[in-house]
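Asker: In the working numbering, the protein residues as written are 5 to 290. Yeah, the Cβ is synthetic: ideal placement off N, Cα and C, and Gly gets one too.
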Ligand SMILES: [Fe+2]
């Protein structure tokens, strides 16, 4: 059975979220949902997440899973809010614990903030499988952008997170803590060794002017034309190119709020005595 896939694009952060389901009236998973955040006002809203809720209701599907490919640094995750609205279980790669261990001291999180991934309902390892109604998904470890990146395969469709982008954009940055360009190269080769017709569903698109955003490309298209990882690019060439490019990139606009929410599985920090939740900004560190 082929998965039904509906992409949703957030043009503010360039992020693709997905609803994956077996058939109308059946069962669904949401992948990489976006929580809207206005950094000027410190205000959260639910426009993107509500589109996912509306689609799930319109298809009459039961939400089984809310899946993350990694702890995103460019947008906040709507997973906790969606779980309240629709139920389902949250999941992420099991190496999220190493990301939590890096950022707990940076953000001076509360002492009882656990760094074993327990904020998520399920931690996935390479080769794990999960069921979405009549669909069986497999987990692929795809580290490099972060040490904990995973992808989800459903037949000929793979949700690849931040690894490859569209061929004219290239690849994900590797300069966050625990990121590694050589590791990303090997993850990319794992994807590019899949059959040519395999559809790769991206976590982001940053289309150059004149091209519309696009969620998907095939292995054949990537091997032919990816500007960083087309066939014939060696690991050493890629590492040099990726490191040179990363040295020019500033921090993502929403890095600081994103990490603090996303390593909590989309939950807000514990409230202060006044009932409000606060984020922290470490000065002169990131
Ligand atoms: Fe990312």
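Tell me the rounded alpha-carbon separation between residue 269 and residue 99.
Answerer: Residue numbering aside, residue 269 sits at position 265 when the chain shown is read from its first letter. Residue numbering aside, residue 99 sits at position 95 when the chain shown is read from its first letter. Roughly 14 Å separates the two Cα atoms.
Asker: Using the beta-carbon of each residue, find all residues closer than 5 Å to any heavy atom of ligand 1 and list them in chain order.
Answerer: 76 and 166
Asker: Could you round the C-beta distance between residue 289 and residue 273 to whole angstroms and report it? I think they count as a contact, below 8 Å.
Answerer: Taking the chain shown and counting its residues from 1, the one referred to as residue 289 is at position 285. Taking the chain shown and counting its residues from 1, the one referred to as residue 273 is at position 269. For a cut-off of 8 Å, the C-beta gap from residue 289 to residue 273 is around 18 Å, too long to register as a contact.
Asker: Counting pairs of Cβ atoms below 8 Å between the stretch 244-262 and the stretch 197-214, do you hit three or more?
Answerer: no
Asker: Pick out whichever of 106, 52, 74 and 116 has its Cα sitting closest to the Cα of residue 3.
Answerer: Given a span of 5 to 290 for the chain in the structure shown, any question on residue 3 remains unanswerable.
Asker: Would the stretch 188-197 and the stretch 129-139 be scored as touching if the rule is three or more Cβ pairs under 8 Å?
Answerer: For the pair of segments examined, the stretch 188-197 was found not to touch the stretch 129-139: the number of CB pairs separated by less than 8 Å stays below three.
Asker: Would you decide whether residue 113 is buried or exposed? Buried here means 16 or more other CB atoms lie within 10 Å of its CB.
Answerer: The residue given as residue 113 occupies position 109 in the chain shown. By the neighbour-count rule (16 or more Cβ atoms within 10 Å), residue 113 is buried.
Asker: Inspect the CB distances between the stretch 213-233 and the stretch 164-174 and report whether three or more fall short of 8 Å.
Answerer: Contact between the stretch 213-233 and the stretch 164-174 is present: three or more C-beta pairs spanning the two stretches fall below 8 Å.
Asker: With DSSP collapsed to three states, give me the class of residue 195.
Answerer: Within the chain shown, the letter at position 191 stands for residue 195. Looking at residue 195 - three-state DSSP - the assignment turns out to be helix.
Asker: Can you have a look at residue 199 and say buried or exposed, based on whether 16 or more other CB atoms are within 10 angstroms of its CB?
Answerer: Counting from one through the chain shown, the residue named residue 199 turns up at place 195. The residue is exposed, with fewer than 16 neighbouring Cβ atoms inside 10 Å.
Asker: I need the straight-line Cα distance from residue 36 to residue 233, nearest angstrom please.
Answerer: Locating residue 36 in the chain shown gives position 32, where the first residue counts as 1. Locating residue 233 in the chain shown gives position 229, where the first residue counts as 1. Roughly 24 Å between the two C-alpha positions.
Asker: Comparing alpha-carbon positions, which option in 263, 195, 173 and 177 lies nearest residue 215?
Answerer: By one-based count along the chain shown, residue 215 stands at place 211. Comparing Cα positions, the closest option is 173.
Asker: Determine the closest residue to residue 180 out of 154, 202, 147 and 204, with distance taken between C-alpha atoms.
Answerer: Counting from 1 along the chain shown, the entry for residue 180 is found at position 176. The shortest C-alpha separation from residue 180 is found at 147.
Asker: Can residue 303 and residue 182 be called in contact, C-beta distance under 7 Å?
Answerer: Nothing can be reported for residue 303, as the shown portion of the chain is limited to 5 through 290.
Asker: On a CA-only basis, which of 128, 75 and 131 is nearest residue 107? Give me that one, please.
Answerer: Counted from its first residue, the chain shown places residue 107 at position 103. Checking every option, the nearest Cα to that of residue 107 belongs to 75.
Asker: Our contact map puts residue 93 next to residue 142 with C-beta atoms below 8 Å; I'd like the distance itself, whole angstroms only.
Answerer: Looking up residue 93 in the chain shown gives position 89. Looking up residue 142 in the chain shown gives position 138. Residue 93 to residue 142, Cβ: 17 Å. No contact.
Asker: Using the beta-carbon count (16 or more within 10 Å), is residue 6 buried or exposed?
Answerer: Taking the chain shown and counting its residues from 1, one reaches residue 6 at position 2. So residue 6 ends up on the exposed side.
Asker: Please classify residue 275 as buried or exposed, where buried requires at least 16 other C-beta atoms within 10 Å of its C-beta.
Answerer: Numbered from 1 along the chain shown, position 271 holds the residue referred to as residue 275. By the 10 Å Cβ count, residue 275 comes out exposed.
Asker: In angstroms with no decimal places, state the Cα-to-Cα distance between residue 109 and residue 19.
Answerer: For the purposes of this step, residue 109 is taken as the residue at position 105 of the chain shown. For the purposes of this step, residue 19 is taken as the residue at position 15 of the chain shown. Cα to Cα, the separation comes out at about 28 Å.
Asker: Ends of the alpha helix (DSSP H) at residue 268?
Answerer: For the purposes of this step, residue 268 is taken as the residue at position 264 of the chain shown. Where residue 268 is concerned, there is no enclosing alpha helix (DSSP H), given that its DSSP letter is neither H nor E.
Asker: If you compare alpha carbons, which of 144, 254, 56 and 129 is closest to residue 33?
Answerer: As a working mapping, residue 33 is identified with position 29 in the chain shown. Ranking 144, 254, 56 and 129 by Cα distance to residue 33 puts 56 first.
Asker: Determine whether the beta carbon atoms of residue 38 and residue 21 lie at a separation below 7 Å.
Answerer: Looking up residue 38 in the chain shown gives position 34. Looking up residue 21 in the chain shown gives position 17. Yes.
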